[in-house]
Structure formats: structure tokens, C-alpha cells
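Visitor:
Protein chains in written order, with the working numbering: chain A, 33 to 237; chain B, 20 to 113; chain C, 28 to 564.
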């Protein structure tokens, strides 16, 4: 065995990309646990799930889907913009992404608000007295899964916010773009989960 | 460390993918609107799978990354699928 | 070479003065070796708490009826014993201590891929441990559900469950971050020329373990969150009164907690796979078979969780499937045992303390593994389910497996970690006393279980008395051995004779650097050539 080659304090873009993917795997499995629960209860309570889903507003769900898809495109474009060394465009695209994330949350807030007004929330009297067990499970899962998803939107927005700061201060640039790429990956994960949440909750008729 | 050459994806690619994603979204709203019985769920899930494939491949750059990342992603989805199937060996046959 | 050249190569990691002094130089250090020792000291403290709780249980069982505590206290003691031992000791055990200390050195790197994240994982670990301990000290009584937190009792009991559940969640997070760090380190930082098939076996097992940590831990994370939400809001997911299915809780819990057994045992097997070639002075037999069986255990082990639920009311189809899959896992485990023994065959065996531990590991692991087949077979499982037999089985695997491997590893790598040698005579005396105590403590439980003594009861029928006395005596003997071992190691770390760079004539990379290793491990990163391998004697 001979000796050669020095390691430097290195910037390993591929290493941090793998790390982000591994973290995404844990997030997928986190939601995966919930999808297992959903599929089991939907299988056991098919009619109740259909009935309960009537309560959800497909239009708002579809609008939120469109919002997330567009925001996914803008953040994907921002990586290209950074690599083309167009700092202004990068920041603009990230700004649009943040704004769309906020709109999604506002929609969600009003959506949940309507449910609460109708007396639909975990542990409410209306639910335990008037709804069947399958419907209670549906709404329990609805609140947990969309709530956890919304929490991820908030975390994603914080990460994007940090990225915006670092792009504008010049710490993240075309040759050191790992942070932007990773926050993009995280945001796409949020999108990916919503792609499944939307049909499973809003499109049961 | 070598600076790996990034493949710069043109904006138009992303726009096309977004158009496809939106199309599939409206398609899934439309087909679940019609009464297809058992196939409704299957149809919605199939469209969701296609959409997630597009997001993974283009938005998440798997198409342009090294093969082993793609293998890892595929592996994780297969493991999850296996777990669901095994769980249903209980519920389906109970 | 710039950036890091200001760190001198002739100063060991124990003496190096960084920016801070005293305790701060440890708890703010991002050096993987110091973090490994931080884990070791914190685990040792928690382990002693777990041991005291275990001794209390055995003392309660020295005679039928109430001896020192009543039923409720006994429930709390076995719950906390389980939570501490599983979530804080055996799951993080070998990866966090020896993985941190040795993984970068064994693959020829200066540190792990993300040193700051590594330190953060330790803080997350400590936060989780404190939360669990808080559940003991505050609120309306200690958790009394068993470490499995089975629904619906876990959200019905009046005990102080939330901190314990949240603590287990936080500990899982620490475990995920460590696993993530190790996978990236192994992928990106192997020495030039060290292909996957030239990597030593301990890093290989850490790789397998890290994948299970990543893919299984989130499932229990979300499950525990749901139990907490059930307690706070009553969402109904596991509450039969609201339509939930408690058996689904068991599925989700064991989707993590069975692979967790492999998180524990794989690095233990890896450590044994390092010890045996070194003390046989021989190339490890069937390197590729050991690697393949490691990955096979990690993979198949993910799909056998249902064998914990044979009596829960699962469908017959699921029972057969889980039983078959469970038997499949036995095959790669047996391959490993075969390889270890074949490595010894015709080797020049150097009988030293680590070898004693490794050999006794194989012995207790085989008993634990074979009794596992009794539990994996449907008909026999129904007979001994939830009896002392199960307790004996998993202590042989978890404590006999992980514990013995941990002691093998500490006696093997001790001269590397501290630069000093321990007193072999006392180490061997400690080993034999511990070994005898271990067998006396757990073997009677096989018999008791076959006779029908249930687990988790503070009381028992008169007919079980004799075997229980033997078991309690065994717990005292084992603790005596433990005390001798720990005192010997502590004394030697301070004043043992200076150990050379390579006291055992090991061939892996950690034996090529000084003992204790310098801060950045290697002055120049080693390069592997075509002919080099990890075990070329």
C-alpha cells in the first residue's frame, strides 16, 4: 500500500445530493406509513369513505394541485437559471415559488376553517354523534395527512427562504449550487406527496 | 474534487412537463367524475403514478443523474410496495 | 494540501487542543473519534440505569408474591428497562460508538461526510434520552405499557406516556441522521482504489444497518406520532371505539421494530467478522458470502415483522407467509456462523480476550437463533407466545448478540482508542464470570417458558420458584462480571501499559495509524492497489 493524494476541505456536490435523496427516502416512508393506514381503512370502510369524501371540495383541491405543480416548475427552472448565471431570474423564480407556497397554505387554511365550522374536527361532538366510524377515520386521516403535508410546505418554504438569502449574498452560485438543488428536491418531494394525496382524498366519488 | 459538468435543462423542457402534469391532473378529475366502479381508484392511482414518474425524472433530475441514484429510488419504491402487499396479506384474507 | 494542514499529525485526538478546553473540547468537537466516545460514555451511563432496573426485576422475582415492588411498579420498571435498552443502547450501540470511531479510519477517510451533522445527532440522542427520563420523573406515573407502546392501552393509560413516546421518536431521528451520514461516507469517501469488494466487513454491516435505519425508522416515527395525536385529539386511527384497528398499530410498530433487531445485530456480526480473522491470523473465509448474507439479512429482515403477531388475530395467509420468510432469514445468519468457524479452521489462533468474547458470541447467538426458529414456527409459537421463553430468546439474541459483540469490540479496539492495553487477566476473569452469570440468568427462562410462566408478571406460581432463584443468582453473578470488566477498562485507559500501533497484528486500515489516532487519522490518505484486500495474511 503506498501513500498519495491529499484530501482537501472539499465541497462534495454529489455527496450532499445523495444525502438529500436519503433524507427524502425517510420522508417518503414517513408518509408511506400513513398511506398504509389509509389503504387498510379505505379497504375496510369503502362506503363510508365515499360518503365522507363528498364533504371535501374538489375544486379547491384541484386549484391547490395546480398551484403546487406550477411552483415545482418554477423552482426547477431556478436551477437552470443559476447555472446560466442569471442571478436575477433565479431570485425571481424562487420568489414566485415562495408566493405559490403561501397561496397553497392560505387555501388550506380556509378549507380547514370550513370543516371546523361544520363541526368536523378530531374529537368533535358532531363527529362522534352523527358520523359513522369509517367517516371518523376518513377525517382523522384527512387532518393528519394534509396537516403533515402542510407542515412540510412550511419547512420547504423556510429552506427556500434560506436559499434566497444565500443566492442573493452570492454564497450559492453556479459552481456551488448544491443548496439550491437540494431545496428544489425537497420542494418536489412535497409536490410528489400531494400528487397522491389529491386523488386519494378529493377524487373519491 | 472535480467539478462535475452540470447538464443545464432548458426552460422549455420544464414547461412541457408542467403542461403534461396539468393535463393528467384534469384527466384524473374527469375520469373519477364518471362512474367506473372499481376502476376509478385504479385509474386515479395510475395517473398519479405517471405524474410522479414525470416529477421524479425531470423535475428531480433523475434522468440526468448517475444510474445508482435511480436504482436507489426504484429500490425504495419497491420496498414500500412490498410492505403494502404483505400488509394486505393480512387484511385481504382475514 | 491546504485548509487542514494546520492540524499537526503527531498529536493524538485525545490530546489535541482545538478552540476549546475541558468538557467543551468534547461536546463541541466534530471529530468522529470524540463523538464516538461521547456516545460511549452517555450509553454507559444509561446502560447502568437499565442494568439496575433489570436487577430490580430479577430481585422481585426471587420469590412468589410481592418482594420489593407491586404490580404497577413492576410494569413501569420493565417498560423503562425496555425503552432504555432498546432505543438508547442496542439500536444505536455499535454504529454510534464503534461505527463513528472506526468507520472513517477503516475506509481511509479523515472524518465522516458531515461532521457537524454527526455532532448534532449526538445532541438529538441526548435530547431523546432526557425526554424518556423526564417521563419517569414528572407527571402521573411512569409509562407502564411495555416498550412496544401497544394501542389502545398506550393512549388509554393514565401514565405519563407523551414524553416517552416523543423521546422514542427523537431517538429515532438521531438514528436516521447517523445512518444517512454513514451511507454518504461509505459511498463518497472510501480510499482511492478501495472498491466495494475491498471494503472491510464492519463497514459493510454498517452500510446494511444504515439502510434499515433510513427505511424502517420513519414508519415507527409516524406511528408514535399517531399514538400521541390519539392521546391528545382522539383522531381514532388506532382506537377501536372510533373504528380504528389496534392490530394495524402492531403491524406498523413491527415494520420498524423487527428490522430494528437487524439494526442491532448486523454491526455486531460485523465486529465479530473483524475479530475472528485477526485472532486466527488468517484471511476471512468467504468474504463475498459474508457480504451477501449481510445484505440478505438486511433485505429479508424487512419483511418478517408479522412473526411478532401470530396470536393477534392475523389472517392465516399472512401467518404462513411471515413464518416462511422468518425461516428464510435464518439461512444468511447460518452462513455467517459457518464462515466464522471456517475462518478459524487451520488458522493460528491467538486466544486473547476479544477472541473469548467472539467465541462466546457465536455460542449464545446460536442458542438465541435456534430458539428463534421455535418462535418462528406457527404451532410452537402459539404454545410459548408471551412466556418467559420469548424473554430468554431475545435476551440471548439482543444481549447475547449485541452485548457480547460490544465487549468483543471494546476489548479488540481498546488499544486503538486509548493507546493503552488493558490487564488481560482481569479482562478474562471478567469475561468468564459474565458468561457464567449470563447463562445462569437467561437459560432457566427457556425452561420456565416451556412450563408456562408468562412474561411481564411480577408474581408466579410456587412451581416456578427454583428456576427463578437460579435466574436471580445469575443476574448477580453477571453484574459482578460487568463491574470487573468496567473497572478494568477504566483503570487501563488511565494507566495501562502503552500499546503499540498494531498489538494484534490486524490487517485493516485502523491498525496502520498510531494509537490513539491523530486528529485527522492519516497523514496521507492510503491508496489501495489491485492485490490489496482487507484481510491479507
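Note that beta-carbon positions come from the ideal geometry of N, C-alpha and C, so glycine has one too.
Could you compute how far the alpha carbon of residue 144 of chain C sits from the alpha carbon of residue 243 of chain C?
Guide: If you number the third chain from 1, residue 144 of chain C lands on position 117. If you number the third chain from 1, residue 243 of chain C lands on position 216. Looking at the two C-alpha atoms, the distance is approximately 20 angstroms.
Visitor: By how many angstroms is the C-alpha of residue 275 of chain C removed from the C-alpha of residue 184 of chain C?
Guide: On the third chain, residue 184 of chain C is found 157 positions in, with the first residue counted as 1. On the third chain, residue 275 of chain C is found 248 positions in, with the first residue counted as 1. The straight-line gap from Cα to Cα measures roughly 19 angstroms.
Visitor: At a Cβ cut of 9 angstroms, what residues of the stretch 53-64 of chain A count as close to chain C, listed as they run along the chain?
Guide: 54, 55, 57, 58, 59, 60, 61, 62, 63, 64
Visitor: What would DSSP say about residue 339 of chain C, mapped onto helix, strand or coil?
Guide: Within the third chain, residue 339 of chain C is the residue found at index 312, counting from 1. In this structure, residue 339 of chain C counts as coil in the three-state DSSP scheme.
Visitor: Beta-carbon of residue 342 of chain C versus every beta-carbon of chain B: anything under 7 angstroms?
Guide: The sequence position of residue 342 of chain C within the third chain is 315, counting from 1. For residue 342 of chain C, the answer is yes, since a Cβ of chain B falls inside 7 angstroms of its Cβ.
Visitor: Out of C:375, C:482, C:478, state which residue places its alpha-carbon closest to the alpha-carbon of residue 490 of chain C.
Guide: To locate residue 490 of chain C, count along the third chain from 1; it is residue 463. It is C:478.
Visitor: Which runs of the alpha helix (DSSP H) fall wholly inside the stretch 126-190 of chain C and span at least 4 residues, in chain order?
Guide: 127-133, 142-164, 180-183
Visitor: In chain A, which residues lie less than 7 angstroms from residue 103 of chain B when you measure between Cβ atoms?
Guide: Along the second chain, read from residue 1 onward, the residue named residue 103 of chain B stands at position 84. Residue 103 of chain B reaches chain A at 68, 71, counting residues in chain order whose Cβ is nearer than 7 angstroms.
Visitor: Pick out the complete alpha helix (DSSP H) segments inside the stretch 57-116 of chain C, 4 residues or longer, and give them in chain order.
Guide: 59-87, 98-110
Visitor: Kindly indicate which three-state DSSP category residue 143 of chain B falls into: helix, strand or coil?
Guide: Since the first and last residues shown for chain B are 20 and 113, residue 143 of chain B lies out of range.
Visitor: What does the Cβ neighbour count give for residue 117 of chain A, buried or exposed, with the cut at 16 atoms within 10 Å?
Guide: Here residue 117 of chain A refers to the residue found at position 85 when the first chain is read from its first residue. The residue is exposed, with fewer than 16 neighbouring Cβ atoms inside 10 Å.
Visitor: Among residues of its own chain, excluding the 5 on either side of residue 442 of chain C, which ones have a beta-carbon nearer than 7 angstroms to its beta-carbon?
Guide: For this step, residue 442 of chain C is matched to residue 415 along the third chain. Once the five neighbours on either side are set aside, the close Cβ partners of residue 442 of chain C are 448, 526, 530, 542.
Visitor: For residue 39 of chain C, list the residues DSSP reports as bridge partners.
Guide: The residue given as residue 39 of chain C occupies position 12 in the third chain. C:545.
Visitor: Quick one: does residue 130 of chain A have its CB under 7 angstroms from some CB of chain F?
Guide: Looking for chain F here will not work: the only protein chains present are A, B and C.
Visitor: Apart from the five residues just before and just after residue 316 of chain C, which ones in its own chain have a Cβ nearer than 7 angstroms to its Cβ?
Guide: Your numbering for residue 316 of chain C matches position 289 in the third chain. So the qualifying residues of the chain are 362, 366.
Visitor: Along chain B, in chain order, which residues have C-beta atoms closer than 8 angstroms to that of residue 227 of chain A?
Guide: Here the question's residue 227 of chain A lines up with position 195 in the first chain. Neighbourhood of residue 227 of chain A in chain B, by CB distance below 8 angstroms: 67, 70, 71, 74, in chain order.
Visitor: Would you decide whether residue 236 of chain C is buried or exposed? Buried here means 16 or more other CB atoms lie within 10 Å of its CB.
Guide: The sequence position of residue 236 of chain C within the third chain is 209, counting from 1. Around the beta carbon of residue 236 of chain C, a 10 Å sphere encloses 16 or more other beta carbons of the protein chains shown; the residue is thus reported as buried.
Visitor: Leaving out the 5 sequence neighbours to the left and right, which residues in its chain are closer than 6 angstroms to residue 120 of chain A when beta-carbon positions are compared?
Guide: Residue numbering aside, residue 120 of chain A sits at position 88 when the first chain is read from its first letter. Cβ neighbours of residue 120 of chain A beyond the five flanking positions: none.
Visitor: So that I know if they touch, is there some Cβ in chain C lying closer than 7 angstroms to that of residue 165 of chain A?
Guide: Taking the first residue of the first chain as 1, we reach residue 165 of chain A at position 133. In terms of beta-carbon proximity, residue 165 of chain A lines the interface with chain C, with at least one pair separated by less than 7 angstroms.
Visitor: Between residue 165 of chain A and the rest of its own chain, which residues show a CB-CB distance below 8 angstroms, the 5 nearest in sequence each way excluded?
Guide: Position 133 of the first chain, counted from the start, is the residue given in the question as residue 165 of chain A. Taken in chain order, the residues that qualify are 77, 80.
Visitor: Between the alpha carbons of residue 270 of chain C and residue 109 of chain C, how many angstroms are there, rounded?
Guide: Counted from its first residue, the third chain places residue 270 of chain C at position 243. Counted from its first residue, the third chain places residue 109 of chain C at position 82. Residue 270 of chain C and residue 109 of chain C: Cα-Cα distance of roughly 30 angstroms.
Visitor: Report whether the distance from the Cβ of residue 126 of chain C to the nearest heavy atom of the ligand FAD is below 6 angstroms.
Guide: The ligand FAD is not among the ligands present in this structure, which contains no ligands whatsoever.
Visitor: Rounding to the nearest angstrom, what Cα-Cα distance links residue 150 of chain A and residue 159 of chain A in this structure?
Guide: Along the first chain, read from residue 1 onward, the residue named residue 150 of chain A stands at position 118. Along the first chain, read from residue 1 onward, the residue named residue 159 of chain A stands at position 127. Going by the C-alpha atoms only, they are around 10 angstroms apart.
Visitor: Which residues, taken in chain order from the stretch 176-193 of chain A, show a beta carbon closer than 7 angstroms to some beta carbon of chain C?
Guide: 176
Visitor: List the residues of chain A whose Cβ lies closer than 7 angstroms to the Cβ of residue 97 of chain B, in chain order.
Guide: Position 78 of the second chain, counting from 1, holds the residue named residue 97 of chain B. What residue 97 of chain B touches in chain A: nothing, since even the nearest Cβ is about 12 angstroms away.
Visitor: Residue 628 of chain C and residue 356 of chain C look like a contact to me (Cβ under 8 angstroms); what is the Cβ gap, rounded to whole Å?
Guide: One cannot answer for residue 628 of chain C here, as it falls past the ends of chain C, which runs 28 to 564.
Visitor: From the DSSP output, which residues share a beta bridge with residue 286 of chain C?
Guide: Position 259 of the third chain holds residue 286 of chain C. The partner list for residue 286 of chain C (beta bridge, DSSP) is empty, contrary to what the question assumes.
Visitor: Are residue 108 of chain A and residue 111 of chain B closer than 7 angstroms when you measure CB to CB?
Guide: Here the question's residue 108 of chain A lines up with position 76 in the first chain. Here the question's residue 111 of chain B lines up with position 92 in the second chain. Not a contact, by the Cβ cut-off of 7 angstroms.
Visitor: What are the residues that DSSP puts in a beta bridge with residue 447 of chain C?
Guide: Here residue 447 of chain C refers to the residue found at position 420 of the third chain. For residue 447 of chain C, which the question treats as bridged, DSSP gives the partners C:525.
Visitor: Expressed to the nearest angstrom, what Euclidean distance is found between the alpha-carbon atoms of residue 61 of chain C and residue 126 of chain C?
Guide: Counting from 1 along the third chain, the entry for residue 61 of chain C is found at position 34. Counting from 1 along the third chain, the entry for residue 126 of chain C is found at position 99. Between residue 61 of chain C and residue 126 of chain C, the C-alpha separation is close to 12 angstroms.
Visitor: Could you have a look at residue 551 of chain C and say whether DSSP puts it in helix, strand or coil?
Guide: On the third chain, position 524 is the one that residue 551 of chain C refers to. Looking at residue 551 of chain C - three-state DSSP - the assignment turns out to be coil, as it is neither helix nor strand.
Visitor: Indicate whether residue 203 of chain C and residue 58 of chain A have their beta-carbon atoms separated by less than 7 angstroms.
Guide: Within the third chain, numbered from 1, the residue matching residue 203 of chain C stands at position 176. Within the first chain, numbered from 1, the residue matching residue 58 of chain A stands at position 26. Closer than 7 angstroms, so yes.
Visitor: When the Cα of residue 285 of chain C is compared with those of C:76, C:175, C:514, which residue comes out closest?
Guide: As a working mapping, residue 285 of chain C is identified with position 258 in the third chain. Nearest C-alpha to residue 285 of chain C: C:175.
Visitor: Could you tell me whether the stretch 129-147 of chain A touches the stretch 72-88 of chain B, using the rule of 3 or more Cβ pairs below 8 angstroms?
Guide: Touching, no.
Visitor: For residue 80 of chain A, return the contacting residues in chain B, with the cut-off set at a CB-CB distance below 8 angstroms.
Guide: Walking along the first chain from the start, residue 80 of chain A turns up at place 48. Chain B residues near residue 80 of chain A: none, gap ~15 angstroms exceeds 8 angstroms.
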